[in-house]
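Novice: The letter at position 494 of the sequence shown is residue 494 when you use the UniProt record's numbering, and the numbering goes up by one with no holes.
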Amino acid sequence: MARGGCSWPHRLCKGKMVAVGVLAGLSVLSLLTYGYLAWDSLGLGPGDAEATRTGLGEELGAGAPSSQPHIIFILADDQGFRDVGYHGSEIRTPTLDKLAAEGVKLENYYVQPMCTPSRSQFITGKYQIHTGLQHSIIRPTQPNCLPLDNVTLPQKLKEVGYSTHMVGKWHLGFYRRECMPTQRGFDTFFGSLLGSGDYYTHFKCDSPGICGYDLYENDNAAWDHDNGIYSTQMYTQKVQQILASHNPRKPIFLYIAYQAVHSPLQAPGKYFEHYRSINNINRRRYAAMLACLDEAINNVTLALKKYGYYENSIIIYSSDNGGQPMAGGSNWPLRGSKGTYWEGGIRAVGFVHSPLLKNKGSVCKELVHITDWFPTLITLAEGQIDEDIQLDGYDIWETISEGRRSPRVDILHNIDPIYTKAKNGSWAAGYGIWNTAIQSAIRVNHWKLLTGNPGYSDWVPPQAFSNAGPNRWHNERVSWSAGKTVWLFNITADPYERVDLSARYPDVVKQLLRRLSQFNKTAVPVRYPPKDPRSNPKLNGGVWGPWFKEDEKKKKSDKSKGANKQKKNKNKKKANRKKGQSLHCRSHLAGG
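#1: Measuring CA to CA, which of Gly-383, Cys-364, Glu-398 and Leu-516 is closest to Tyr-110?
#2: Check whether the stretch 320-336 touches the stretch 273-289, counting contact only when three or more Cβ pairs, one atom from each stretch, lie closer than 8 Å.
#3: Can you check which of these residues, Pro-140, Gln-439, Asp-219 and Leu-215, is closest to Lys-421 by C-alpha distance?
#4: Judging by CA-CA distance, which residue of Ser-66, Ile-72 and Gln-324 is the nearest neighbour of Ile-314?
#5: Name the two residues that bound the continuous alpha helix (DSSP H) containing Ile-396.
#6: Val-499 to His-165, Cα distance in whole Å?
#7: Look at the Cβ atom of Thr-485, then the Cβ atom of Gly-432, and state whether they are nearer than 8 Å.
#8: Determine the DSSP secondary structure at Ile-411, reduced to helix, strand or coil.
#9: Do the stretch 102-120 and the stretch 374-392 meet, that is, are 3 or more Cβ pairs less than 8 Å apart?
#10: What are the start and end residues of each continuous beta strand (DSSP E) run of 3 or more residues lying completely inside the stretch 136-165, in chain order?
#11: Decide if Arg-335 is buried, meaning its Cβ has at least 16 other Cβ atoms within 10 Å, or exposed.
#12: If you drop the 5 nearest sequence neighbours on each side, which residues of the same chain put their C-beta closer than 6 Å to that of His-171?
#13: Please report the distance separating the alpha-carbon of Asp-320 from that of Gly-228.
#14: Leaving out five residues before and five after Pro-181 in sequence, what residues of the same chain have Cβ atoms less than 7 Å from its Cβ?
#15: Return the bridge partner residues of Gly-191 from the DSSP annotation.
#16: Can you tell me whether Gly-88 is helix, strand or coil according to DSSP?
#17: Any chance the stretch 407-426 sits against the stretch 298-310, with 3 or more Cβ pairs inside 8 Å?
#18: When the Cα of Leu-367 is compared with those of Leu-391, Thr-340 and Asn-445, which residue comes out closest?
#19: If I measure Cβ to Cβ from Asp-392 and keep anything under 7 Å in the same chain, skipping five residues before and after, which residues do I get?
#20: Give every residue of the same chain whose Cβ lies closer than 7 Å to the Cβ of Ala-267, excluding the five residues on either side of it in the sequence, and list them in chain order.
#21: Count the other C-beta atoms from every protein chain shown that fall within 10 angstroms of the C-beta of Ala-503, then say buried if there are 16 or more, exposed otherwise.
#22: Looking at C-beta atoms only, is the number of pairs between the stretch 348-361 and the stretch 146-163 that lie closer than 8 Å three or more?
#23: Return the chain-ordered list of same chain residues with a C-beta closer than 6 Å to the C-beta of Trp-427, the five sequence neighbours on each side being excluded.
#24: Helix, strand or coil: which one does DSSP assign to Ala-468?
#25: Name the residue from Lys-204, Ala-257, Pro-140 and Tyr-200 whose alpha carbon lies nearest to the alpha carbon of Gln-79.
#26: Counting contacts by CB-CB distance shorter than 8 Å, is Leu-304 in contact with chain D?
#27: Which residues does DSSP list as the beta-bridge partners of His-353?
#28: Kindly list the residues whose CB is nearer than 6 Å to the CB of Tyr-199, restricted to its own chain and excluding five residues on each side of it in sequence; keep chain order.
#29: Assuming Gln-142 and Asp-532 are in contact, meaning their beta carbons sit under 8 Å apart, how far apart are those beta carbons, in whole angstroms?
#30: Measure the Cβ-Cβ separation of Trp-547 and Tyr-175 and say whether it is below 8 Å.
#31: Can you look up Arg-53 in the DSSP assignment and give me helix, strand or coil?
#32: Among the candidates Thr-399, Asp-386, Glu-159 and Ala-441, whose CA atom is the shortest distance from the CA of Val-104?
#33: Would you kindly check if the distance between the Cβ of Leu-488 and the Cβ of Leu-449 is under 8 Å?
#34: Grab me the residues of Gln-237's own chain with a C-beta within less than 6 Å of its C-beta, minus the 5 sequence neighbours each way, in chain order.
#35: Helix or strand or just coil, what does DSSP make of Ser-196?
#36: Closest to Gly-403 by C-alpha separation, out of Phe-122, Pro-454, Asp-97 and Asn-359, would be which residue?
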């Protein structure tokens, strides 16, 4: 008998007779796995003694609670630095505010300026220059993905017994099956392979006529979810199902990469209620999307508590890059926006919430970067980092939990050798150390150096959103110096990048240029292949998905081997001819 003198089938039947009749052919484990049942509906907690007696607990690995923490990493998309209540936003984010206030706010936390770079650095612990993804993002039609020889965070967590699940946006490439999330360390995947698809229909167009469905359950298109559910709510429901069916005595890694608040700007009607006074339509829609996201994170937190995970959990919240002002985001008072190396593009909203923190309710102003999560989480999970995995991240748990100094003193924001749009850049402008036409950015202690074209550089104040009409922008424009391709800022003293110190401190500029040069010597070649017409969803059943088949790889390999063989034979014949000519010459010389 279960607790309270009632067996679980009786409790299940109470108010659920129809569901039981329909689902009678499925095992209890199946019902749990697919989210039709939750542990509490059985009148048990996962791993309960009665469940063990019936064999259910044994099937799900019941036993002593793990000392390894549950890890929940929540990644928002395009959330601006200002766009959280505790940074002064007019958008209400009560859940984020509460979780951050009870945890540790990361107020010197950096990510990358776009989607793919941040996601790749989180999952590998490496800078872009060490994965070949230095340039832009992975496009839907490119035969490209996170290099397969890179070990990922979920792969390392699986080695030490974690169950690994991803829900949400991947954006790390999919042209081959081996690139898919389930092949990169995740036990399950539910979400989109790309970004910026429709929140309701889950269709994504890369260009006119190149459109396809982009929602997956593991390795297959999830056509059965083509039901018009808003993606933020749909992803939250999936997370709740995973938590309800998993045994909290076994450690779990949940990577929840919400699509929100990336464009297209769409949200259910009820979330507009508090934002009718915002005249700028993009900002109003963005506010509604963020309100829905905040509610979703509250529901995830409640599920963690309900199913017995919370007390042994670490919740990390991060944006993937800065906000996009033209799509409603705000980074004020920081300079720049998404896609740039100004602070507004790379300084992110971030915090850690956990009962395991020693220094709760605090603010961390130490330098932290998104690559740091890899070694930090592996260490917390009691895993080992192999010496041959050369990471760029640091273990910063003691910095966050105990308020100690960060082991990190610098960040290579990036070096992009393809992006050389700064026409006046030159080696001379870089003191013969660095070609300043190259887009690059580096932070060393208080100093930040930028070269090339860092991107859109305005400061966009809040009134540009709240009071202006849809087409009015009151931006603070930058007065550019002719031919400028080097900037130096003291970020500690000038976090808004208003005073360029490059002319005043040329020696500091030279030191940072040398550091850039040192980093560049360790860079791997850029992976940015041209479009492949075979990627068109029309050729793949109307779905965005892997198109590079195994037989094609074999044909290419065979063709390459054949070409090499022909080349070798040709070279051999050529060598024999030369040898013959040489012998012929020698015979003539001998006879002369």
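We treat Cβ as the ideally placed atom computed from N, Cα and C, and that holds for glycine.
Keep in mind that this is a model prediction, so the values were computed, not measured.
Specialist: On the basis of the data shown:
#1: On the sequence shown, position 110 is the one that residue 110 refers to. Its Cα nearest to that of Tyr-110, the residue Cys-364 stands out among Gly-383, Cys-364, Glu-398 and Leu-516.
#2: Touching, yes, given that three or more Cβ pairs across the two stretches are closer than 8 Å.
#3: As a working note, residue 421 is residue 421 in the sequence shown. Across the set Pro-140, Gln-439, Asp-219 and Leu-215, the C-alpha of Gln-439 shows the shortest separation from the C-alpha of Lys-421.
#4: Taking the sequence shown and counting its residues from 1, the one referred to as residue 314 is at position 314. That would be Ile-72, whose Cα lies nearest to the Cα of Ile-314.
#5: Indexing the sequence shown from 1 puts residue 396 at position 396. Unbroken run through Ile-396: none, as it is neither H nor E.
#6: In the sequence shown, residue 499 corresponds to position 499, counting from 1. In the sequence shown, residue 165 corresponds to position 165, counting from 1. His-165 has its alpha-carbon roughly 45 Å from the corresponding atom of Val-499.
#7: Counted from its first residue, the sequence shown places residue 485 at position 485. Counted from its first residue, the sequence shown places residue 432 at position 432. The beta carbons of Thr-485 and Gly-432 sit no closer together than 8 Å.
#8: Numbered from 1 along the sequence shown, position 411 holds the residue referred to as residue 411. Correct three-state label for Ile-411: strand.
#9: Contact between the stretch 102-120 and the stretch 374-392 is absent, because fewer than three Cβ pairs lie under 8 Å.
#10: Correct list: empty.
#11: In the sequence shown, counting from the first residue as 1, residue 335 sits at position 335. Buried, since its Cβ has 16 or more Cβ neighbours within 10 Å.
#12: Along the sequence shown, one-based indexing puts residue 171 at 171. Counting only Cβ-Cβ distances below 6 Å, and skipping sequence neighbours, we find Cys-115, Thr-116, Arg-119 and Gly-195.
#13: On the sequence shown, position 320 is the one that residue 320 refers to. On the sequence shown, position 228 is the one that residue 228 refers to. Near 26 Å, if we compare the C-alpha coordinates of Gly-228 and Asp-320.
#14: The residue given as residue 181 occupies position 181 in the sequence shown. Cβ-Cβ distances below 7 Å link Pro-181 to Met-166, Trp-170 and Phe-189 in the same chain, with the five nearest sequence neighbours on each side left out; the list follows chain order.
#15: Position 191 of the sequence shown, counted from the first residue, corresponds to residue 191. Its beta-bridge partners are Gly-168 and Tyr-216.
#16: By one-based count along the sequence shown, residue 88 stands at place 88. Gly-88 falls in the coil class under three-state DSSP.
#17: No: the two stretches stay apart, fewer than three of their Cβ pairs being nearer than 8 Å.
#18: Within the sequence shown, residue 367 is the residue found at index 367, counting from 1. The residue with the shortest Cα to Cα distance from Leu-367 is Asn-445.
#19: Locating residue 392 in the sequence shown gives position 392, counting from the first residue. When the five nearest sequence neighbours on each side are left out, the beta carbons in the same chain lying within less than 7 Å of the beta carbon of Asp-392 are those of Gly-125, Lys-126, Tyr-127, His-130 and Thr-371, in order along the chain.
#20: If you number the sequence shown from 1, residue 267 lands on position 267. The residues are Arg-285, Ala-288, Met-289 and Cys-292.
#21: Locating residue 503 in the sequence shown gives position 503, where the first residue counts as 1. Exposed.
#22: No, they do not touch.
#23: In the sequence shown, the residue the question calls residue 427 occupies position 427. A distance below 6 Å between beta-carbons, with the five flanking residues on each side excluded, links Trp-427 to the following residues of its chain, in chain order: Asn-435.
#24: Translated into the one-based positions of the sequence shown, residue 468 becomes position 468. Its pLDDT being 49, under 50, Ala-468 is placed unreliably in this model, and the coordinates cannot settle the point.
#25: Here the question's residue 79 lines up with position 79 in the sequence shown. Nearest C-alpha to Gln-79: Ala-257.
#26: Here chain D cannot be found, since the structure has a single protein chain.
#27: Within the sequence shown, residue 353 is the residue found at index 353, counting from 1. The beta-bridge partner set that DSSP reports for His-353 consists of Ile-315.
#28: For the purposes of this step, residue 199 is taken as residue 199 along the sequence shown, with counting starting at 1. Take Tyr-199, set aside five residues on each side of it, and the residues of its chain with a beta-carbon closer than 6 Å to its own are Tyr-230, Ser-231 and Gln-266, in chain order.
#29: Within the sequence shown, numbered from 1, the residue matching residue 142 stands at position 142. Within the sequence shown, numbered from 1, the residue matching residue 532 stands at position 532. Going by Cβ atoms, the distance from Gln-142 to Asp-532 rounds to 7 Å, so yes, they are a contact pair.
#30: As a working mapping, residue 547 is identified with position 547 in the sequence shown. As a working mapping, residue 175 is identified with position 175 in the sequence shown. Between Trp-547 and Tyr-175, the CB-CB gap stays under 8 Å.
#31: In the sequence shown, residue 53 corresponds to position 53, counting from 1. Confidence in Arg-53 is poor, its pLDDT being 27 and thus under 50, which makes the residue's placement too unreliable to answer from.
#32: In the sequence shown, residue 104 corresponds to position 104, counting from 1. Of the candidates Thr-399, Asp-386, Glu-159 and Ala-441, Thr-399 places its Cα closest to the Cα of Val-104.
#33: Here residue 449 refers to the residue found at position 449 when the sequence shown is read from its first residue. Here residue 488 refers to the residue found at position 488 when the sequence shown is read from its first residue. It is a contact, given that the beta carbons lie within the stated cut-off.
#34: Position 237 of the sequence shown, counted from the start, is the residue given in the question as residue 237. So no residue of the chain qualifies.
#35: As a working mapping, residue 196 is identified with position 196 in the sequence shown. Correct three-state label for Ser-196: coil.
#36: As a position in the sequence shown, residue 403 is number 403, starting the count at 1. Gly-403 has its Cα closest to that of Asn-359, out of Phe-122, Pro-454, Asp-97 and Asn-359.
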